[in-house]
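Asks:
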Amino acid sequence: MDHRADPQFSTEAYDDVIARVATDAEGFWLDQAATHIDWVSEPTRALDDSRAPIHRWFPDGELNVCYNALDRHVTAGRGDQAAIIYDSPVTDTIRTITYSQLLDEVSRFARALSDRGVGKGDRVVIYLPMIPEAAVAMLACARIGAIHSVVFGGFAPAELAVRIDDTRPKAVVSTSCGVEANRILEYKPMLDEALGLAETTPDFTVIVQREQHRCELGETDLDYAELLAATPSGIDPVTVRATDELYVLYTSGTTGRPKGIVRDSGGYAVALSYSLPTVFSLEPGDTMFTASDVGWVVGHSYIVYGPLLAGVTSVLFEGKPIGTPDAGTFFRIIEDHKVNVHFTAPTAMRVVRKEDPEGKLIRKYDLSSLRASFLAGERLDPDTYEWTTRVLRQATGRDVPVVDNWWQTETGWPIAANPLGLTRFPLKPGSPTKPIPGYQVEIVDPSGTPMPAGQEGLIVIRLPLPPGTMATVWGDDSRFVSSYLSAFDGRYLTGDSGYIDEDGYLFVMGRTDDVINVAGHRLSTGVMEAVISSHSAVTETAVIGVHDETKGQIPRALVVLGSSAEALDREELKAELVALVRQEIGPVAALRRIDIVPALPKTRSGKILRKTMREIADGAPDPAVPSTIEDPTVLDDLHSVLRPG
Ligand code: COA
Ligand code: AMP
2 MDHRADPQFS TEAYDDVIAR VATDAEGFWL DQAATHIDWV SEPTRALDDS
52 RAPIHRWFPD GELNVCYNAL DRHVTAGRGD QAAIIYDSPV TDTIRTITYS
102 QLLDEVSRFA RALSDRGVGK GDRVVIYLPM IPEAAVAMLA CARIGAIHSV
152 VFGGFAPAEL AVRIDDTRPK AVVSTSCGVE ANRILEYKPM LDEALGLAET
202 TPDFTVIVQR EQHRCELGET DLDYAELLAA TPSGIDPVTV RATDELYVLY
252 TSGTTGRPKG IVRDSGGYAV ALSYSLPTVF SLEPGDTMFT ASDVGWVVGH
302 SYIVYGPLLA GVTSVLFEGK PIGTPDAGTF FRIIEDHKVN VHFTAPTAMR
352 VVRKEDPEGK LIRKYDLSSL RASFLAGERL DPDTYEWTTR VLRQATGRDV
402 PVVDNWWQTE TGWPIAANPL GLTRFPLKPG SPTKPIPGYQ VEIVDPSGTP
452 MPAGQEGLIV IRLPLPPGTM ATVWGDDSRF VSSYLSAFDG RYLTGDSGYI
502 DEDGYLFVMG RTDDVINVAG HRLSTGVMEA VISSHSAVTE TAVIGVHDET
552 KGQIPRALVV LGSSAEALDR EELKAELVAL VRQEIGPVAA LRRIDIVPAL
602 PKTRSGKILR KTMREIADGA PDPAVPSTIE DPTVLDDLHS VLRPG
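Under the working numbering, the letters of the sequence shown match residues 2 to 646, in that order.
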């Protein structure tokens with residue numbers, strides 16, 4: 002069917018914006034800044050390129066992000082509207098927090114932090130599960146100009162320690178426990194272990210005591226509830242520059258230390274406020290349910306800041322797509338809270354499908370409020386796209402767009418999507434549709450030459466990146482330039498490969514580095530290799546991300562042992578290595594399979610053939626073997642390990 006004749010598929014609005022941005026990007030973004038944000042000093046300049054290739058947006062603008070997310074909505078009469086609906090099947094709780102109530106708690110917590118010496122530019126590490134206090138702590142930091150760094154709960158104490166040492170926080174906000182479907186996760190011992198490992202000692206920690214498990218508080222631990230009770234009045238928002246840092250969020254890079262992605266205040270506020278109506282087609286008063294975690298960028302942008310900046314109600318969900326209590330939980334929430342836009346990772350839909358292949362649980366609920374389902378964090382495979390589209394059609398009796406959107410921690414908001422608020426393009430399964438205005442996406446070969454339509458290459462984005470994207474790597478401008486901006490002149494290297502077809506649709510095929518996506522979680526195989534290699538029995542290892550039906554990818558390790566390991570029990574050793582990765586990186590690393598092999602295949606220059614091994618494990622019909630392979634028999638011997646049967 003040719004959708005182009007259908008008015009809903011008119012591309013006029015999109016084409017107009019693309020044309021405007023192409024000729025006058027600065028004017029366009031200044032207009033967005035004026036439309037969406039209440040400034041203390043409205044910016045008169047859009048772009049500062051004086052330190053190119055590093056660009057900054059709105060250099061003379063001044064604002065407060067928390068004010069824009071809360072106070073102004075209350076002043077405008079939205080005080081009684083729900084800001085956050087906390088829906089926690091694991092604790093059997095549903096709690097609505099209005100904009101007025103959230104402003105009250107945030108401004109009092111901000112005062113409590115400020116009274117204890119936390120001020121503009123100071124860092125606060127937040128190590129919390131999906132509870133409203135996570136959003137409160139983030140917004141309280143924004144209110145006083147402190148820079149928050151949220152650490153995902155699935156990371157081990159050692160990873161938390163690395164982040165504490167990199168940001169050197171004045172305070173840490175954490176909790177007594179996290180609650181999973183069938184167990185309590187004690188956070189305090191993990192925090193204490195991390196603080197023991199870290200060289201940095203924060204001035205104090207604030208602990209949210211949860212009734213499911215209370216913990217002992219130490220000398221420098223403050224009880225969140227007591228602190229709030231002792232702080233009857235809030236604090237006014239402080240003015241920061243648009244270019245001042247709002248947060249640092251760590252992400253896996255290519256081996257070594259995780260990278261602290263720095264987000265500015267003004268550019269981010271403008272970009273998110275632009276994206277809510279444009280990409281997600283959400284207006285003030287609507288409800289967005291993003292089933293992710295505040296520890297990831299999706300949580301920062303579309304559980305906390307995005308919806309609140311736009312006056313939208315955000316559902317904060319403490320649970321899993323299945324098992325809390327069943328595969329219908331997302332859909333129960335959509336009915337209960339009249340959700341307009343749902344956002345999650347493809348993995349989540351795959352696990353729902355596994356439990357409820359016919360979508361019977363989904364059909365139980367009234368999904369009449371639902372306008373679209375957004376999926377991101379990993380490639381949306383056509384099968385999952387088709388299934389989700391089908392079950393939503395069965396449940397609603399209409400066509401609910403399932404929108405693949407591609408972006409990264411670095412960009413902070415979608416690079417490509419079907420921008421429902423501008424134009425609804427006909428969907429092509431496997432494609433996140435088209436670049437969002439502001440992103441000039443190109444495909445190049447390794448020498449930087451543009452690739453013709455339909456041919457796969459490296460995905461790059463022409464500089465400057467739009468507002469809201471990363472400002473730098475925390476404390477390390479040169480790492481920002483060397484990791485992202487120096488491969489090709491005037492281009493940002495995304496680390497993904499893909500192609501653009503003849504109709505301008507982008508297809509994102511996978512990473513070109515050692516980053517893998519496991520259940521929508523971004524992990525580095527290089528970091529896992531470093532942990533495994535630290536074991537005295539191991540001489541060499543390669544960790545590869547292989548295809549997994551549910552999680553998209555899972556890590557697999559191939560290990561070569563030294564002669565000292567001959568006497569060791571191999572099964573015990575494998576279990577030890579799995580435990581080591583879990584202990585050093587965290588349960589989220591999800592490394593379960595280790596194979597002990599006599600040797601690893603390499604090129605003559607010593608490069609391990611990870612890509613070839615991955616292709617064999619994934620069952621590629623014709624895995625690419627470089628002509629420079631040192632000893633082809635090593636690879637031949639591995640076939641039965643990588644692809645048994
Ligand atoms: N705190 C502590 N531990 C956590 C955690 C958290 N926030 N999140 C995950 N873990 C643990 C899990 O309990 C699990 O531990 P286990 O090995 O002891 O069972 C381990 O980390 C691996 O977790 P995960 O890979 O998430 O697998 P899972 O089987 O627990 O759940 C899904 C699978 C698909 C349900 C889950 O990964 C999910 O909801 N994914 C969506 C991802 C997402 O939101 N991504 C963000 C981008 S939108
Ligand atoms: P993160 O920084 O955790 O958001 O992970 C970003 C990476 O996830 C990207 O570089 C891609 O490799 C992958 N990714 C995210 N969304 C998509 C998508 N819609 N399609 C394909 N890959 C995606």
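Heads up, the beta-carbon is just placed ideally off N, CA and C, and yes, glycines get one too.
Note that the coordinates shown come from a computational prediction; the quantities given were computed from them, not determined experimentally.
(1) Give the range of the alpha helix (DSSP H) segment to which L639 is assigned.
(2) Report yes if the CB atom of G146 is closer than 8 Å to the CB atom of G122, and no otherwise.
(3) I want to check one thing, is the minimum distance from the CB of A346 to the heavy atoms of the ligand COA below 7 Å?
(4) List, from N- to C-terminal side, the beta strand (DSSP E) runs of 3 residues or more that fit wholly inside the stretch 268-347.
(5) What does L524 pair with, by DSSP beta-bridge criteria?
(6) Whose C-beta lies closer than 7 Å to the C-beta of P326 among residues of the same chain, with five residues either side of it excluded?
(7) What does the alpha-carbon distance come out to for the pair R109 and V249?
(8) Going by alpha carbons, who is nearest to E457 out of D497, D405, V41 and I95?
(9) What number of angstroms, rounded off, separates the C-alpha of M471 from the C-alpha of R644?
(10) Can you give the Cα-Cα distance for C216 and P190, rounded to whole angstroms?
(11) Does DSSP classify S564 as helix, strand or coil?
(12) If we count the other Cβ atoms within 10 Å of its Cβ and call it buried at 16 or more, is D3 buried or exposed?
(13) Quick check on this structure: which residue in V442, A591, Y506 and P278 has the alpha carbon closest to the alpha carbon of T412?
(14) Does the beta-carbon of V509, which I'm using as the reference point, lie nearer than 7 Å to any heavy atom of the ligand AMP?
(15) With a floor of 3 residues, list each beta strand (DSSP E) that falls wholly inside the stretch 553-626, ordered by position along the chain.
(16) Restricting to Cα atoms, I'd like to know which of T473, V509, K361 and N419 is closest to V461.
(17) Could you give the residue range of the alpha helix (DSSP H) that holds T385?
(18) So L71 and V119 are supposed to be a Cβ contact under 8 Å. How far apart are they, rounded?
(19) For A84, report the span of its beta strand (DSSP E) as first-last.
(20) Who pairs with S498 in a beta bridge, going by DSSP?
(21) State yes or no: is the C-beta of L186 nearer than 7 Å to some heavy atom of the ligand COA?
(22) Any chance the stretch 533-543 sits against the stretch 429-442, with 3 or more Cβ pairs inside 8 Å?
(23) Give a yes or no on whether the C-beta atoms belonging to L317 and P133 are separated by under 8 Å.
(24) Could you give the DSSP three-state label for A172: helix, strand or coil?
(25) Can you list, in chain order, the residues of its chain whose CB lies under 8 Å from that of V561, leaving out five sequence neighbours each side?
(26) May I have the straight-line CA-CA distance separating R57 from P465, to the nearest angstrom?
(27) Looking at C-alpha atoms only, which residue of W297, E319, F332 and P285 is the closest neighbour of L309?
(28) May I ask you to verify whether the stretch 405-424 touches the stretch 388-396, counting CB pairs closer than 8 Å and requiring at least 3?
(29) For K435, does the three-state DSSP call read helix, strand or coil?
(30) Could you give the distance in angstroms between the alpha-carbon of A6 and the alpha-carbon of N65?
(31) Taking the beta strand (DSSP E) that D224 belongs to, which residues open and close that run?
(32) What is the rounded straight-line gap between the Cα of D477 and the Cα of D265?
(33) Does at least one heavy atom of the ligand COA sit under 7 Å from the Cβ of I517?
(34) Hey, quick one: how far does the beta strand (DSSP E) through K189 stretch, first residue to last?
(35) Look at the alpha carbon of A576 and the alpha carbon of M139, and state the distance between them as a whole number of angstroms.
(36) Going by beta carbon distance, what residues of the same chain come within less than 6 Å of V125, once the five residues before and after it are set aside?
Replies: From the atom records:
(1) Start and end: P633 to L643.
(2) The answer is yes: Cβ separation under 8 Å.
(3) Because some heavy atom of the ligand COA lies under 7 Å away, the Cβ of A346 counts as near it: yes.
(4) Here the runs fully enclosed are 288-291, 314-318 and 342-345.
(5) According to DSSP, L524 bridges with I517.
(6) So the list reads P90, once near-sequence residues are dropped.
(7) Note on geometry: alpha-carbon atoms of R109 and V249 lie some 23 Å from one another.
(8) For E457, the closest C-alpha among the options D497, D405, V41 and I95 is that of D497.
(9) Using only the alpha carbons, I get a separation of about 40 Å.
(10) When the Cα atoms are used, C216 and P190 turn out to be separated by approximately 9 Å.
(11) In this structure, S564 counts as helix in the three-state DSSP scheme.
(12) Confidence at D3 is low in this model, with a pLDDT of 41, below 50, so the placement of that residue is unreliable and no value is reported for it.
(13) Here the closest residue by C-alpha is V442.
(14) Between the ligand AMP and the CB of V509, the shortest heavy atom gap is smaller than 7 Å.
(15) Taking only runs of at least 3 residues, the beta strand (DSSP E) segments lying wholly in the stretch 553-626 are 553-562 and 594-597.
(16) The residue with the shortest Cα to Cα distance from V461 is V509.
(17) Where T385 is concerned, the enclosing alpha helix (DSSP H) starts and stops at P383 to T397.
(18) Incorrect: roughly 19 Å between the Cβ atoms, too far for contact.
(19) Where A84 is concerned, the enclosing beta strand (DSSP E) starts and stops at A83 to S89.
(20) Partner(s): L459 and G511.
(21) For L186, the shortest C-beta to heavy atom distance toward the ligand COA is below 7 Å.
(22) Too few Cβ pairs lie closer than 8 Å, so no.
(23) With respect to the 8 Å criterion, L317 and P133 are classified as neighbours on the basis of their beta carbons.
(24) A172: strand per DSSP, three-state reduction.
(25) Only V539, T540, E541, T542, I597, V598, P599, A600 and L601 meet the Cβ criterion.
(26) The C-alpha of P465 is placed about 9 Å away from the C-alpha of R57.
(27) It is P285.
(28) The stretch 405-424 makes no contact with the stretch 388-396, as fewer than three CB pairs between them are under 8 Å.
(29) Here K435 carries a strand assignment [DSSP, helix/strand/coil].
(30) Interpretation of A6 is limited by its pLDDT of 43, a score under 50 that renders its predicted location unreliable; no figure is taken from the coordinates.
(31) Element bounds for D224: D222 to D224.
(32) About 15 Å.
(33) No, since every heavy atom of the ligand COA falls outside the 7 Å radius drawn around the Cβ of I517.
(34) From DSSP, K189 is part of no beta strand (DSSP E) but of the alpha helix (DSSP H) over Y188 to L198.
(35) Using only the alpha carbons, I get a separation of about 38 Å.
(36) Non-local beta-carbon contacts of V125 in its own chain, meaning distances under 6 Å to residues more than five positions away in sequence, involve C142, A147, H149, P170 and A172 in chain order.
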